[in-house]
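Here's the structure, in structure tokens; my notes come after.
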Amino acid sequence: MPEELLPAVRSISNDWLHGAREKYFSVGRFEEAYLFTSGVGIVRKGQKIVGFITGKPTSKQQAEYDLLRILLNEPEELSHYLLANLLVVYQEKGYLEANLSLVPLVNVGVTNFSFFQGRIMHIVYNYGSFFYSFQSTYEEKLHYVARWEGGCFAYMKGSSFTFAILQLFILNGKGKEEKLHFTEKLLTEL
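Going by the numbering used here, the sequence shown opens with residue 1096, and the numbers climb by one from there.
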């Protein structure tokens, strides 16, 4: 990415965060050094940059994206435009697959044979948008996915499911330089 684009891209990222802090564990995060080493696609309205996406080849056959951010006042379809164009670029470069990453908690706890913990996670999926926008992540990726692969959240037998989930949410919400509070330290030690 050319250095002169950095202020505009940073401004878009800050607008997209809408005052929230950058997550560090589960999703891509805005880091200048990373942006200069990855492919960055931008979209302009006139001369103004209004959105960007970062490409991330993971093997000779597969690539994915990491950051996809647009200004809050821009139409949501702009993110689809950025992703669709990145997929075209990947196809032209000979990649066979595009990995759109995980969609947390989809189909967890939905069958009659689901364990109690899975049913709790289904409730979190349906009503936990203040933690993470689970459903919108699924809906956004649904347009592009021809094949879904399952992923797992594993925790040790005999350990507390509740503590494992709390640890996951704490880890997911932490920034790079942030220190854990005493309660958070206690939860990550249990």
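Ideal placement from N, C-alpha and C gives every residue a C-beta, glycine not left out.
Residues that DSSP places opposite Tyr1160 in a beta bridge
Answer is Gly1150, bridged to Tyr1160.
Could you give the residue range of the alpha helix (DSSP H) that holds Lys1236?
Start and end: Phe1229 to Leu1237.
Three-state secondary structure assigned by DSSP to Val1183
Helix, per DSSP.
Residue closest to Phe1147, alpha-carbon to alpha-carbon, out of Gln1157, Leu1101 and Val1183:
Ranking the options by Cα distance to Phe1147, first place goes to Leu1101.
Taking DSSP as the reference, what is the three-state secondary structure of Arg1124?
Of the three classes helix, strand and coil, the one that applies to Arg1124 here is coil, per DSSP.
Alpha helix (DSSP H) containing Asn1221: first to last residue?
From DSSP, the alpha helix (DSSP H) with Asn1221 extends over Phe1211 to Tyr1222.
Locate the beta strand (DSSP E) running through Val1135, then write down its first and last residues.
Gly1134 to Lys1140 is the span of the beta strand (DSSP E), which, as asked, contains Val1135.
Asn1109 by DSSP, collapsed to three states: which one?
Taken through DSSP and simplified to helix, strand or coil, Asn1109 comes out as helix.
Distance cutoff 7 Å, beta carbons only. Does Ile1215 sit that close to anything in chain D?
Any reference to chain D falls outside this structure, which holds one protein chain only.
Can you tell which of Arg1139, Arg1124, Gly1141 and Lys1140 has its C-alpha closest to the C-alpha of Ser1133?
The shortest C-alpha separation from Ser1133 is found at Arg1124.
By how many angstroms is the C-alpha of Val1104 removed from the C-alpha of Asp1161?
Answer to the nearest angstrom: the Cα atoms are 14 Å apart.
So, at 7 Å on beta carbons, what are the nonlocal neighbours of Gly1246 in its own chain, with the 5 sequence-adjacent residues on each side left out?
Here the set comprises Leu1197.
Taking the C-alpha atoms as reference points, what is the distance between Met1096 and Phe1131?
Near 5 Å, if we compare the C-alpha coordinates of Phe1131 and Met1096.
Between the Cα of Thr1153 and the Cα atoms of Gln1142, Gly1141 and Ala1193, which residue gives the shortest distance?
Here the closest residue by C-alpha is Ala1193.
How big is the Cα-Cα spacing for Leu1286 and Gly1141?
This structure leaves residue 1286 out entirely; the chain is present only between 1096 and 1285.
Which same chain residues, not among the five before or five after Tyr1190, have their C-beta less than 6 Å away from its C-beta?
Contacts found: Ala1158.
Val1145 and Leu1163: beta carbons closer than 7 Å?
No; because the gap between Cβ atoms is not below 7 Å, this pair is not in contact.
State whether the stretch 1199–1211 contacts the stretch 1222–1240, with contact taken as three or more CB pairs (one from each stretch) at a distance under 8 Å.
They touch, by the three-pair rule.
Whole angstroms are fine: how far does the CA of Val1219 sit from the CA of Trp1111?
Looking at the two C-alpha atoms, the distance is approximately 24 Å.
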